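Residues in the sequence shown are numbered consecutively from 309, following our numbering. Structure record follows, encoded as structure tokens.
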Amino acid sequence: MNETQNVYEQIENIVGTKYVSDSEPVCYSYSMNCDFTLQGIPDIVVKPNTPEEISGILRVANKYGIKIVPRGNGADLTGGAKPIGDGGIVLDVTRMNKILDIDEENRIVTVEVGISWSELCEQLSNVGIGYYTGSTGPASGFSATIGGGLSNNTVGGGGAAMYGAVTEQCVGLEVVLPTGEIIYTGAKANSFRDKPFTRFGLGADYSGIFLGDVGIHGIKTKASLNIYPLPEYRGYATYVIKKTKEMTPPERGSKVMIKWQHDRLQLHDFFYYTQSTVTSLKGQKVAKGLINAKVRGATLFYTTVADTQRQLDYNVERIEKIAEDAGFEKLGPTVEEGNIGKWFYEEDGRWQWSNHSWAGGYLFGMGGCVKCPTYQLPDYRRMYDDWVKRNFAKMAEMGGVGGGAEFVAFGVNPTYIDVAGGAGVLSSVEHREAQIELWKDFLITQIKELGAVHYWMGEIIGRSLVDSGALSEEYYNFMITIKKALDPNKILSPGKFYLTDKY
Ligand SMILES: Cc1cc2nc3c(=O)[nH]c(=O)nc-3n(C[C@H](O)[C@H](O)[C@H](O)COP(=O)(O)OP(=O)(O)OC[C@H]3O[C@@H](n4cnc5c(N)ncnc54)[C@H](O)[C@@H]3O)c2cc1C
Numbered sequence: 309m310n311e312t313q314n315v316y317e318q319i320e321n322i323v324g325t326k327y328v329s330d331s332e333p334v335c336y337s338y339s340m341n342c343d344f345t346l347q348g349i350p351d352i353v354v355k356p357n358t359p360e361e362i363s364g365i366l367r368v369a370n371k372y373g374i375k376i377v378p379r380g381n382g383a384d385l386t387g388g389a390k391p392i393g394d395g396g397i398v399l400d401v402t403r404m405n406k407i408l409d410i411d412e413e414n415r416i417v418t419v420e421v422g423i424s425w426s427e428l429c430e431q432l433s434n435v436g437i438g439y440y441t442g443s444t445g446p447a448s449g450f451s452a453t454i455g456g457g458l459s460n461n462t463v464g465g466g467g468a469a470m471y472g473a474v475t476e477q478c479v480g481l482e483v484v485l486p487t488g489e490i491i492y493t494g495a496k497a498n499s500f501r502d503k504p505f506t507r508f509g510l511g512a513d514y515s516g517i518f519l520g521d522v523g524i525h526g527i528k529t530k531a532s533l534n535i536y537p538l539p540e541y542r543g544y545a546t547y548v549i550k551k552t553k554e555m556t557p558p559e560r561g562s563k564v565m566i567k568w569q570h571d572r573l574q575l576h577d578f579f580y581y582t583q584s585t586v587t588s589l590k591g592q593k594v595a596k597g598l599i600n601a602k603v604r605g606a607t608l609f610y611t612t613v614a615d616t617q618r619q620l621d622y623n624v625e626r627i628e629k630i631a632e633d634a635g636f637e638k639l640g641p642t643v644e645e646g647n648i649g650k651w652f653y654e655e656d657g658r659w660q661w662s663n664h665s666w667a668g669g670y671l672f673g674m675g676g677c678v679k680c681p682t683y684q685l686p687d688y689r690r691m692y693d694d695w696v697k698r699n700f701a702k703m704a705e706m707g708g709v710g711g712g713a714e715f716v717a718f719g720v721n722p723t724y725i726d727v728a729g730g731a732g733v734l735s736s737v738e739h740r741e742a743q744i745e746l747w748k749d750f751l752i753t754q755i756k757e758l759g760a761v762h763y764w765m766g767e768i769i770g771r772s773l774v775d776s777g778a779l780s781e782e783y784y785n786f787m788i789t790i791k792k793a794l795d796p797n798k799i800l801s802p803g804k805f806y807l808t809d810k811y
């Protein structure tokens with residue numbers, strides 16, 4: 309019996325025959341995320357059901373020196389949830405998808421991390437007075453899991469302007485360490501405490517080293533998150549921002565967004581769509597309102613929430629005055645008239661706004677979402693345009709047509725925005741290597757020219773960050789020290805940030 313078979317049998321003994329596979333179609337399908345590239349085909353795919361099973365699998369992997377990559381729903385766009393290079397095990401956590409506790413008194417939900425954002429919010433909405441998670445995960449949240457979101461430091465709207473990234477809602481985690489030990493972080497690390505309530509205390513912020521870690525420090529199995537009552541009153545409006553003689557739409561838009569943020573208005577979300585994003589939404593018939601609306605220009609929409617009509621009127625008046633003073637044209641109140649703010653809030657738009665651009669198809673998407681101060685929005689527009697100008701001929705050569713670089717920018721609590729998007733070129737297997745090089749160039753340009761702070765670090769972004777030289781030697785050594793202490797045998801997600809190559 310060869311080693312892989314031996315490992316397979318030991319894992320089969322842990323999870324049962326039904327939940328492990330080495331069949332070619334299964335392994336091949338787990339060699340991909342939503343992105344096209346960086347394909348590594350695993351030898352084994354396993355779907356455990358408990359932290360103890362995960363612990364057992366990790367112990368086997370340590371014994372035989374086999375790599376493991378944790379995976380939620382594989383909606384990653386940067387090569388995160390699949391092996392770097394062939395071989396190893398992909399560990400899919402989606403069988404672990406139950407809500408374990410809803411502490412209404414303290415407004416905290418504890419879940420198994422394989423549940424999706426939309427499923428969790430749907431179930432929460434039917435409990436007591438009706439709740440949600442505040443920041444409701446990524447635009448892929450119909451399938452993406454809580455564990456994937458916390459590992460990717462996800463933010464996607466659905467409350468981001470009010471609550472921030474999903475990691476900010478986390479008050480504790482259960483994690484299986486790479487060597488197999490199971491720990492709880494946050495207040496529940498006190499074994500005399502039955503329920504979590506804060507992420508801090510009992511030492512340093514140990515939850516923090518697992519949040520946004522892209523699965524290199526441990527496998528999350530349970531997470532506790534703050535929850536909030538569903539707001540009774542909601543308001544939304546959508547504006548068109550045209551170019552003026554003095555200012556471009558991103559310049560005009562960012563000024564208003566900054567004022568909204570500085571005035572601490574009750575914004576639940578605000579989104580800036582470029583003219584081409586609007587055109588694309590129209591073309592794809594995603595937001596039905598934009599199909600007929602004669603929108604020419606960028607758009608900006610906001611959503612606000614309140615507990616009373618009076619409070620709502622107050623919010624709407626203050627938010628809209630700033631947009632009106634800036635001379636933005638307001639579209640009609642219905643979705644059909646172009647009010648995509650309403651579509652976003654009332655019609656699950658928060659879980660769909662980017663599906664047209666990221667859901668595969670004919671484009672090779674070079675994802676490069678970043679977080680940045682709101683005032684940098686015009687700089688990103690300039691950088692993207694210049695980069696496309698420099699690379700247009702190259703893109704045309706490799707894909708048959710030229711490509712572009714686009715983004716949507718949205719508010720994140722308290723004073724920054726997320727510039728979500730990247731570049732795209734017609735997908736072509738023949739030119740794949742050149743396309744990956746181009747993607748790296750795009751990422752490194754973002755990092756060097758604008759000090760970009762990416763957050764899903766998957767394979768390509770984490771490695772481009774290192775390749776760009778942005779990390780000081782001391783910082784990088786600090787990352788290596790932590791990784792080595794937790795994962796001495798280089799089992800978990802090896803290759804990310806090249807960390808396991810360094811010890
Ligand atoms: C249409 C579309 C829209 C998107 N919109 C957004 C958006 O608005 N905002 C955003 O941030 N991202 C977005 N993404 C990217 C991605 O979907 C999200 O980051 C999402 O949170 C990933 O969740 P997942 O469950 O699919 O995780 P996966 O893709 O399975 O994994 C993501 C990363 O987390 C690690 N991981 C997963 N589960 C665990 C675990 N239990 N323990 C430890 N590590 C783990 C994986 O190894 C991988 O590195 C989008 C993607 C698509 C296709």
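Using N, Cα and C, we set each Cβ at its ideal position, and we do this for glycine too. Here the structure is a predicted model, which is why all the values come from computation and not from measurement.
In three-state DSSP terms, what is residue i?
i: Ser-499; result: coil
i: Ile-725; result: strand
i: Lys-596; result: coil
i: Ala-447; result: coil
i: Pro-681; result: strand
i: His-570; result: helix
i: Val-435; result: coil
i: Pro-504; result: coil
i: Cys-478; result: strand
i: Pro-378; result: strand
i: Val-334; result: helix
i: Arg-367; result: helix
i: Asn-534; result: strand
i: Ala-701; result: helix
i: Met-706; result: helix
i: Met-674; result: strand
i: Tyr-580; result: strand
i: Thr-487; result: coil
i: His-525; result: coil
i: Glu-645; result: coil
i: Val-586; result: helix
i: Glu-559; result: helix
i: Asp-343; result: coil
Can you list, in chain order, the residues of its chain whose CB lies under 7 Å from that of residue i, leaving out five sequence neighbours each side?
i: Tyr-575; result: It is Leu, not Tyr, that sits at residue 575 in the sequence shown. Cβ neighbours of Leu-575 beyond the five flanking positions: Ala-469, Met-470, Trp-568, Tyr-610, Thr-612, Ile-627, Gly-719.
i: His-664; result: Ser-588, Leu-589, Gln-592, Val-594
i: Leu-485; result: Ile-491, Gly-526, Leu-794
i: Gln-313; result: none
i: Pro-359; result: Glu-482, Val-484, Ile-490, Thr-529
i: Asp-521; result: Ser-459
i: Ser-451; result: Asn-381, Ala-383, Ser-424
i: Gly-646; result: Thr-546, Gly-597, Leu-598, Ala-601, Val-603, Leu-639, Gly-640
Using a Cβ-Cβ cutoff of less than 6 Å, which residues in the same chain neighbour residue i once the five nearest sequence positions on both sides are dropped?
i: Ala-389; result: Asn-341, Arg-379, Gly-382
i: Lys-837; result: In this structure the chain extends from 309 to 811, so residue 837 is not present and cannot be described.
i: Lys-496; result: Gly-480, Pro-504
i: His-762; result: Val-678, Ile-769
i: Gly-675; result: Leu-385, Thr-386, Gly-730
Excluding sequence positions up to five away, which residues of its chain have a Cβ less than 8 Å from the Cβ of residue i?
i: Val-435; result: Ile-410, Glu-412
i: Phe-578; result: Ala-469, Met-565, Trp-568, Leu-608, Phe-609, Tyr-610, Thr-611, Phe-718, Gly-719
i: Ile-790; result: Ile-517, His-525
i: Phe-344; result: Gly-668, Phe-672, Gly-673, Ser-735, Arg-740
i: Lys-596; result: Val-643, Glu-644, Trp-651
Flag residue i as yes when its Cβ comes closer than 6 Å to any non-hydrogen atom of ligand 1, and as no otherwise.
i: Pro-446; result: yes
i: Asn-381; result: yes
i: Asn-663; result: yes
i: Leu-385; result: yes
i: Cys-342; result: yes
i: Ser-426; result: no
i: Trp-764; result: yes
i: Gly-523; result: yes
i: Pro-356; result: no
i: Lys-629; result: no
i: Gly-719; result: no
i: Lys-650; result: no
Pull up the CB-CB distance for residue i and residue j, whole angstroms please, since I reckon it's below 8 Å.
i: Thr-487; j: Leu-385; result: Between Leu-385 and Thr-487 the Cβ distance is about 30 Å, and since that is not below 8 Å, they are no contact.
i: Gly-438; j: Leu-538; result: 4 Å
>> Across the region 413-429 and the region 395-403, are there enough close Cβ pairs to call them in contact, namely three or more that are closer than 8 Å?
In response: yes
> Quick check: the region 790-806 against the region 745-764, are there 3 or more CB pairs under 8 Å?
Replying inline: no
>> I'd like to know if the region 667-684 and the region 634-642 are in contact, where contact means that at least 3 CB-CB pairs between them fall below 8 Å.
In response: no
>> Tell me whether the region 499-506 and the region 690-700 touch, counting them as touching only if at least three CB pairs, one residue from each stretch, are closer than 8 Å.
In response: no
>> Whether or not the region 618-625 and the region 548-562 are in contact is what I'm after, with contact meaning three or more pairs of Cβ atoms, one per stretch, closer than 8 Å; do they touch?
In response: no
> On the three-pair Cβ rule with 8 Å, is the region 453-470 touching the region 357-374?
Replying inline: no
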